[in-house]
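Q:
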Amino acid sequence: MEDYAERIVDKAIALGCQDAVADVAVNRSYQIRFAQNQIVISNRWRETTASVFIVYKKRVVASDIKDMTRIEAQVENLVKIAKVSQENPDYAGIAKGPFKYDRPSVDKKIVDLMDGSDHVQAAVNAAIEEGAKECAGSFWKYDEEHFLRTSNGARGVDRRASLYLSIRALMSLESSGHGVACATKASQFDPEKAGHKAGKIAALAKNPVGGEAGKFDIVFDPLIFGSLIDQVGGRAGAWTVMAGLSPYAKKLGKKVASDAVTIIDDGSADSIGRKRFDAEGVPTKKHAIVNKGILKTYLHNTSTAKKFKTRTTGNAGLISPDAHALFCKPGTWTRDEIFEECKDGLWLTNTWYTRYQSYVTGDFSTIPRDGIFRIKNGEVVGTWKDIRLTDNLINVWKSVEGLSKNVDQVQWWGEVYVPTFAPYALARDIGITRSAE
Amino acid sequence: MADLDLVDFAVDYARQKGATYAEARFEHQTNEDFILKNSVLDALYFGEDAGIGVRVLANGGLGFGATNSMTKGDVKALVEDTVKIAKAAHRKDPISFAPEKPVVTNWSVPQVKKLSDVPVEEKIEEITHIDRELKDLKFKIPARYFQQSNKQIDKYFVNSEGSKIRSFSPRVRLFYFLTVAHNGNVEQTYQNYGWSGGWEALNELQMRRRVIDEAKSMENSLEHGKKSPEGKMDLVAGPQVSGIAAHESCGHPTEADRVLGREAAQAGKSFITPASIGQRVGSPVVNVCDDPTMEHGIAFYAYDDEGVKARRRYLYKDGIINEFLQNRETAAILGTRSNGSARATTYNVEAIVRMANTFVEPKDWGLEEMISGVKFGVYMKSFMEWNIDDKRFNGKYVGREAYLIENGEVTTPVRKTVIELTTPTFWGAVDAVGKDLEIFHAGFCGKSDPGQALDAALGGASMRLRNVYLR
Numbered sequence: 309m310e311d312y313a314e315r316i317v318d319k320a321i322a323l324g325c326q327d328a329v330a331d332v333a334v335n336r337s338y339q340i341r342f343a344q345n346q347i348v349i350s351n352r353w354r355e356t357t358a359s360v361f362i363v364y365k366k367r368v369v370a371s372d373i374k375d376m377t378r379i380e381a382q383v384e385n386l387v388k389i390a391k392v393s394q395e396n397p398d399y400a401g402i403a404k405g406p407f408k409y410d411r412p413s414v415d416k417k418i419v420d421l422m423d424g425s426d427h428v429q430a431a432v433n434a435a436i437e438e439g440a441k442e443c444a445g446s447f448w449k450y451d452e453e454h455f456l457r458t459s460n461g462a463r464g465v466d467r468r469a470s471l472y473l474s475i476r477a478l479m480s481l482e483s484s485g486h487g488v489a490c491a492t493k494a495s496q497f498d499p500e501k502a503g504h505k506a507g508k509i510a511a512l513a514k515n516p517v518g519g520e521a522g523k524f525d526i527v528f529d530p531l532i533f534g535s536l537i538d539q540v541g542g543r544a545g546a547w548t549v550m551a552g553l554s555p556y557a558k559k560l561g562k563k564v565a566s567d568a569v570t571i572i573d574d575g576s577a578d579s580i581g582r583k584r585f586d587a588e589g590v591p592t593k594k595h596a597i598v599n600k601g602i603l604k605t606y607l608h609n610t611s612t613a614k615k616f617k618t619r620t621t622g623n624a625g626l627i628s629p630d631a632h633a634l635f636c637k638p639g640t641w642t643r644d645e646i647f648e649e650c651k652d653g654l655w656l657t658n659t660w661y662t663r664y665q666s667y668v669t670g671d672f673s674t675i676p677r678d679g680i681f682r683i684k685n686g687e688v689v690g691t692w693k694d695i696r697l698t699d700n701l702i703n704v705w706k707s708v709e710g711l712s713k714n715v716d717q718v719q720w721w722g723e724v725y726v727p728t729f730a731p732y733a734l735a736r737d738i739g740i741t742r743s744a745e
Numbered sequence: 062m063a064d065l066d067l068v069d070f071a072v073d074y075a076r077q078k079g080a081t082y083a084e085a086r087f088e089h090q091t092n093e094d095f096i097l098k099n100s101v102l103d104a105l106y107f108g109e110d111a112g113i114g115v116r117v118l119a120n121g122g123l124g125f126g127a128t129n130s131m132t133k134g135d136v137k138a139l140v141e142d143t144v145k146i147a148k149a150a151h152r153k154d155p156i157s158f159a160p161e162k163p164v165v166t167n168w169s170v171p172q173v174k175k176l177s178d179v180p181v182e183e184k185i186e187e188i189t190h191i192d193r194e195l196k197d198l199k200f201k202i203p204a205r206y207f208q209q210s211n212k213q214i215d216k217y218f219v220n221s222e223g224s225k226i227r228s229f230s231p232r233v234r235l236f237y238f239l240t241v242a243h244n245g246n247v248e249q250t251y252q253n254y255g256w257s258g259g260w261e262a263l264n265e266l267q268m269r270r271r272v273i274d275e276a277k278s279m280e281n282s283l284e285h286g287k288k289s290p291e292g293k294m295d296l297v298a299g300p301q302v303s304g305i306a307a308h309e310s311c312g313h314p315t316e317a318d319r320v321l322g323r324e325a326a327q328a329g330k331s332f333i334t335p336a337s338i339g340q341r342v343g344s345p346v347v348n349v350c351d352d353p354t355m356e357h358g359i360a361f362y363a364y365d366d367e368g369v370k371a372r373r374r375y376l377y378k379d380g381i382i383n384e385f386l387q388n389r390e391t392a393a394i395l396g397t398r399s400n401g402s403a404r405a406t407t408y409n410v411e412a413i414v415r416m417a418n419t420f421v422e423p424k425d426w427g428l429e430e431m432i433s434g435v436k437f438g439v440y441m442k443s444f445m446e447w448n449i450d451d452k453r454f455n456g457k458y459v460g461r462e463a464y465l466i467e468n469g470e471v472t473t474p475v476r477k478t479v480i481e482l483t484t485p486t487f488w489g490a491v492d493a494v495g496k497d498l499e500i501f502h503a504g505f506c507g508k509s510d511p512g513q514a515l516d517a518a519l520g521g522a523s524m525r526l527r528n529v530y531l532r
């Protein structure tokens, strides 16, 4: 595989390219999907993909090569395309290597796992024990090897292996809960805990009534708070800012959240999103995107960094920079204290379909799903349904008053794209709307 | 195309290894994306995606495996693995497929101007031309982002019942995102157009005119737009708004896999149950269809990814829940037949129940005629923010281009009109449907795990809704 990456880079340079990158990924992942408490399909992948980036006289072409029997011919074609493309005056090269990386290490027990059905069963049984009638979700064994070469001297090997389970437990269509389990070590993987959590929320959420519109104090469960953290990471990419897809333009050094909030991107730390290098081969490291409420940096590759007169943060993707793994710095409150401080509000456990009316202002809405609970004096006093959180991203973050000491690693289909460590959070006066009569 | 004998081999070998049913789908996709941001061609993406996906039924379990290594040894190993994981499911009730007759055929989408014949320079010029025209407008457009995409999909599908189907499907898309600024306020738009066919798409869709008109309407909205009125009033929804409502609150809730809970942990379930067929959800003038055979709709196909012939599906007919979107698995559970709704984005994911070209079927009202019958209300041509809950009951669409209607006439632009209604309230309020069908608004419909963002057309005729709450 190293040879494939080498051949791609060498060929591109031989054909006159100034820069070339090849990241050959070998995917041996395995998945089980389940629904109605049973396995509905098992999926297995055996794929090799070379993500390629070549530059000829500032003309940038990106590609994924899948047919390794025609590497040279495909690179020739890419260079031919680059030659008739247009110059990108913003292109500022790729990072200069060589770089040193930590030695990759993965849990052999994860790599060797051939059947995940026991994990599925454990999660489903736990949810049913809590009272759930129907469970659905997916179990993943992620297993990828990466071989990276760049024309600027970066040579890296990485192995990424992790386990993941997502379970939604339902008592009925409108009474449900969701739990996730993430681990890079088999011994730390706890699908049962995820099942219990999903089942408990589902059981507590029985017989919901239609919610009301207004301003409410909100206790965010880690899964939904992870979705909001994901929005920060996603909108902090320099490319996203330049495209008008972010409320963070011209806000570096300014207040974008309350003092309680510090959000860090760190691809080098232990998480299911850990990677040793970005798409240019730059070693990943820790960067505070938001520190005590102040926007500290955008996420950069070499070109966007030059545009913003700074240095790459090691977040290069094939075209635009992205977050690797997000960490919300834990607070000082216990989970119970978070709830106790919510005198008259809501506890939201999950959400989906976050969409913006204006990315520049940050006006958005998102739809809470699974358990939605009415809280009075820290206690659950009722269950709601059919509401929408309608507010502004920066306002929501400025309204965060307290964070729990403990954080959960979360990732979820459609909403928490980037693996995220999220606490419980309390935010004040958040807008809630609902369908009109 | 690779050695297609391997595709037949995969099916035969899976049967030898104990599969009661097997299918294999080889795909070769060529993808080009031209990414222009603020007049700079950031990058050109060119990819060739090719490989084989094998799906089997064995011991009542379903297995799927995919590889891009098209050697006999690797395909053989993949099939062995796939049969093994299917058998390991140990289901109480075995999965089965509704019966279908084998089909042997070829189909392809014609191109007036073949995508492969159009030079890269000409494709780049098309978006840079639009960008130049935008810059020539005498107002501020500080962020302009275009993505022009061309896809050509060659497929070969084989199953153990004797089906062998080859197909070729070229598709063209233009996505753009604009930010217009005026006196410290901003308006943003996100538009996505799609076409099955060749490079003639850009002219046929009149993309240059559409983008310029959109930018002008944004400036007009910023300069003259008023706050949208609040309260109960009439609404005239343009084809783009009808289209998103058709997709979100009709197409999705009638997907049989969602109704049966297979998507519960991801895209969600549905307020509709198997017992809902025949129940009223809208007024008698509402017909919402999904039709893969709509010529040039971006989701055109003649046979689905299970080899079932495509046809028009009336999901809501005369305001009644009429039919679900079915694949062979859901059809077997519900005791019916597939209506050809199984699709996959690429070779390496299973085919599941999907919408294709979903739209409000046109009737005979003219747009002006509908507007003339409104004393006070809003004409919403397009939207920006939208979302719906995972049971598809509470939808929200926030206006991008919208105008006040006063005494039967369109007057001033209004900003950010919010429709936040339940599905039956929305469809139940429709009293007139226009004749102005448009099906070229293209979406990436998200579903499944791993996520499959699939080409889908969202369209419709304009509609008039009476006495709905707007704000």
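Heads up: the protein sequence lines correspond to chains C and G, in order.
The numbering of the first sequence is the working numbering, which starts it at 309 and goes up by one.
The numbering of the second sequence is the working numbering, which starts it at 62 and goes up by one.
Yeah, the Cβ is synthetic: ideal placement off N, Cα and C, and Gly gets one too.
Could you run through the stretch 603 to 620 of chain C and flag, in chain order, every residue whose CB is less than 8 angstroms away from some CB of chain G?
A: Within the stretch 603 to 620 of chain C, no residue qualifies.
Q: Ignoring anything shorter than 4 residues, give me the alpha helix (DSSP H) runs that lie fully in the stretch 460 to 518 of chain C, in order along the chain.
A: Entirely contained in the stretch 460 to 518 of chain C, the alpha helix (DSSP H) runs reaching 4 residues are, in chain order, 499 to 512.
Q: Can you give me the Cβ contacts of A150 (chain G) inside the same chain, cut-off strictly under 6 angstroms, excluding the 5 residues immediately before and after it?
A: Against the second sequence, residue 150 (chain G) aligns to sequence position 89. Counting only Cβ-Cβ distances below 6 angstroms, and skipping sequence neighbours, we find G122.
Q: Check this for me: beta carbons of T570 (chain C) and K637 (chain C), under 8 angstroms apart or not?
A: For the purposes of this step, residue 570 (chain C) is identified with residue 262 of the first sequence, where counting begins at 1. For the purposes of this step, residue 637 (chain C) is identified with residue 329 of the first sequence, where counting begins at 1. Result yes, Cβ atoms of T570 (chain C) and K637 (chain C) sit closer than 8 angstroms.
Q: Using a Cβ-Cβ cut-off of 8 angstroms, state whether I680 (chain C) counts as contacting chain G.
A: Locating residue 680 (chain C) in the first sequence gives position 372, counting from the first residue. Chain G contact via Cβ: absent.
Q: Can you name the residues of chain G whose CB is closer than 8 angstroms to the CB of G722 (chain C)?
A: Counting from one through the first sequence, the residue named residue 722 (chain C) turns up at place 414. In chain order: Q327, A328, G507 and G512.
Q: Would you kindly work out how many angstroms separate the C-alpha atoms of G722 (chain C) and Y661 (chain C), rounded to a whole number?
A: Walking along the first sequence from the start, residue 722 (chain C) turns up at place 414. Walking along the first sequence from the start, residue 661 (chain C) turns up at place 353. G722 (chain C) and Y661 (chain C): Cα-Cα distance of roughly 8 angstroms.
Q: What residue range is occupied by the uninterrupted beta strand (DSSP E) comprising K713 (chain C)?
A: Position 405 of the first sequence holds residue 713 (chain C). Here the beta strand (DSSP E) through K713 (chain C) covers V708 to W720.
Q: Since I402 (chain C) and T612 (chain C) are thought to touch, with beta carbons under 8 angstroms apart, how far apart are those beta carbons, to the nearest angstrom?
A: Position 94 of the first sequence, counted from the first residue, corresponds to residue 402 (chain C). Position 304 of the first sequence, counted from the first residue, corresponds to residue 612 (chain C). Rounded, the Cβ-Cβ distance is 12 angstroms, inconsistent with contact.
Q: Give a yes or no on whether 8 angstroms exceeds the smallest Cβ distance from Y667 (chain C) to chain G.
A: Against the first sequence, residue 667 (chain C) aligns to sequence position 359. By this cut-off, Y667 (chain C) is an interface position.
Q: Which residues, in order along the stretch 455 to 488 of chain C, keep a beta-carbon less than 7 angstroms from a beta-carbon of chain G?
A: Under the 7 angstroms Cβ criterion, the stretch 455 to 488 of chain C contributes S474, I475, R476, L478 and L481.
Q: In the DSSP assignment, what are the bridge partners of S446 (chain C)?
A: Taking the first residue of the first sequence as position 1, residue 446 (chain C) is located at position 138. For S446 (chain C), which the question treats as bridged, DSSP gives the partners C:R341 and C:S474.
Q: Please determine, among G:S289, G:E462, G:K370 and G:K153, the residue with the shortest C-alpha to C-alpha distance to Q346 (chain C).
A: Translated into positions along the first sequence, residue 346 (chain C) becomes position 38. When only C-alpha atoms are compared, the closest one is G:K153.
Q: Taking only beta-carbon positions, decide if T728 (chain C) is within less than 8 angstroms of chain G.
A: Here the question's residue 728 (chain C) lines up with position 420 in the first sequence. With 8 angstroms as the cut-off, T728 (chain C) does not count as an interface residue toward chain G.
Q: May I ask you to list, following chain order, the residues of the stretch 175 to 206 of chain G that have a beta carbon less than 9 angstroms from some beta carbon of chain C?
A: So the list reads P180, V181, E182, I185, T189, P203, A204, R205 and Y206, given in the order they occur along the chain.
Q: Got a sec: which bits of the stretch 433 to 465 of chain G sit with their beta carbon under 9 angstroms from any beta carbon on chain C, in order along the chain?
A: Of all residues in the stretch 433 to 465 of chain G, M445, E446, W447, N448, I449, D450, D451, K452, F454, N455, G456, K457, V459 and R461 have a Cβ within less than 9 angstroms of some Cβ in chain C.
Q: Mapping the DSSP letters down to three states, classify P485 (chain G) as helix, strand or coil.
A: Residue mapping note: residue 485 (chain G) aligns to position 424 of the second sequence, counting from 1. In this structure, P485 (chain G) counts as helix in the three-state DSSP scheme.
Q: Strictly below 8 angstroms CB to CB, what residues from chain C border I96 (chain G)?
A: On the second sequence, residue 96 (chain G) is found 35 positions in, with the first residue counted as 1. Simply I627.
Q: Nearest to W655 (chain C) by alpha carbon, out of C:D529, C:A469, C:D311 and C:M479?
A: As a working note, residue 655 (chain C) is residue 347 in the first sequence. Minimum Cα distance to W655 (chain C) is reached at C:D529.
Q: Taking 8 angstroms as the threshold, find out whether the stretch 540 to 551 of chain C comes into contact with the stretch 677 to 692 of chain C through three or more Cβ pairs.
A: Because the criterion of three Cβ pairs below 8 angstroms is not met, the stretch 540 to 551 of chain C and the stretch 677 to 692 of chain C do not touch.
Q: For the beta strand (DSSP E) that contains E446 (chain G), what are its first and last residues?
A: For the purposes of this step, residue 446 (chain G) is identified with residue 385 of the second sequence, where counting begins at 1. Looking at the DSSP string, the run of the beta strand (DSSP E) that includes E446 (chain G) is F444 to I449.
Q: I191 (chain G) by DSSP, collapsed to three states: which one?
A: On the second sequence, position 130 is the one that residue 191 (chain G) refers to. Here I191 (chain G) sits in helix by DSSP.
Q: Comparing alpha-carbon positions, which option in G:E429, G:W488, G:M445 and G:P511 lies nearest F238 (chain G)?
A: Reading the second sequence from its first residue, position 177 is the one you call residue 238 (chain G). Ranking the options by Cα distance to F238 (chain G), first place goes to G:M445.
Q: In three-state terms, what does DSSP make of N433 (chain C)?
A: Residue numbering aside, residue 433 (chain C) sits at position 125 when the first sequence is read from its first letter. DSSP places N433 (chain C) in helix when its eight states are reduced to three.
Q: Can you tell which of C:A400, C:T458 and C:D420 has the C-alpha that lies nearest to the C-alpha of K617 (chain C)?
A: Position 309 of the first sequence, counting from 1, holds the residue named residue 617 (chain C). Of the listed residues, the one whose Cα sits closest to K617 (chain C) is C:A400.
Q: So, Y72 (chain G) versus V219 (chain G), is the Cβ gap smaller than 8 angstroms?
A: For this step, residue 72 (chain G) is matched to residue 11 along the second sequence. For this step, residue 219 (chain G) is matched to residue 158 along the second sequence. According to the sequence provided, residue 72 (chain G) is Val. The question's Tyr does not apply to it. For V72 (chain G) and V219 (chain G), yes; Cβs fall inside 8 angstroms.
Q: Would you call the stretch 474 to 488 of chain C and the stretch 413 to 426 of chain C in contact, with 3 or more CB pairs under 8 angstroms?
A: Contact fails: fewer than three Cβ-Cβ distances are below 8 angstroms.
Q: Let's test the definition: count the other Cβ atoms within 10 Å of the Cβ of R534 (chain G) and tell me whether it reaches 16, buried, or not, exposed.
A: For chain G, the structure presents residues 62 to 532; residue 534 (chain G) sits outside this window and is missing.
Q: Can you tell me whether N528 (chain G) is helix, strand or coil according to DSSP?
A: As a position in the second sequence, residue 528 (chain G) is number 467, starting the count at 1. Reduced to three states, the DSSP call for N528 (chain G) is strand.
Q: Quick one, which residues of the stretch 73 to 96 of chain G are near chain C if we go by CB-CB under 8 angstroms, in chain order?
A: The residues in question are I96.
Q: Going along the chain, which unbroken runs of the beta strand (DSSP E) with 3 or more residues stay wholly within the stretch 317 to 369 of chain G?
A: You should have 349 to 351.
Q: Taking Cβ positions only, does L105 (chain G) come closer than 8 angstroms to chain C?
A: To locate residue 105 (chain G), count along the second sequence from 1; it is residue 44. True, the Cβ-Cβ gap to chain C drops below 8 angstroms.
Q: Taking a Cβ distance cut-off of 7 angstroms, strictly less, list which residues of the stretch 388 to 411 of chain C are near chain G, in chain order.
A: Going along the stretch 388 to 411 of chain C in chain order, one finds I389, V392, S393, Q394, N396, P397 and D398 with a Cβ nearer than 7 angstroms to chain G.
Q: Which whole-angstrom value describes the C-beta separation of C311 (chain G) and Y377 (chain G), a residue pair presumed to lie in contact below a C-beta threshold of 8 angstroms?
A: Indexing the second sequence from 1 puts residue 311 (chain G) at position 250. Indexing the second sequence from 1 puts residue 377 (chain G) at position 316. Confirmed, Cβ separation roughly 5 angstroms.
Q: Let me make sure I understand the geometry here. Which of C:Y664, C:N515 and C:L478 has the alpha-carbon closest to that of V479 (chain G)?
A: As a first step, residue 479 (chain G) must be located in the second sequence, where it is residue number 418. Taking only the C-alpha atoms, the option nearest V479 (chain G) is C:Y664.
Q: With 7 angstroms as the C-beta to C-beta threshold (strictly closer), list the residues of the stretch 427 to 453 of chain C near chain G in chain order.
A: Cβ contacts with chain G come from E442, A444, G445 and S446.
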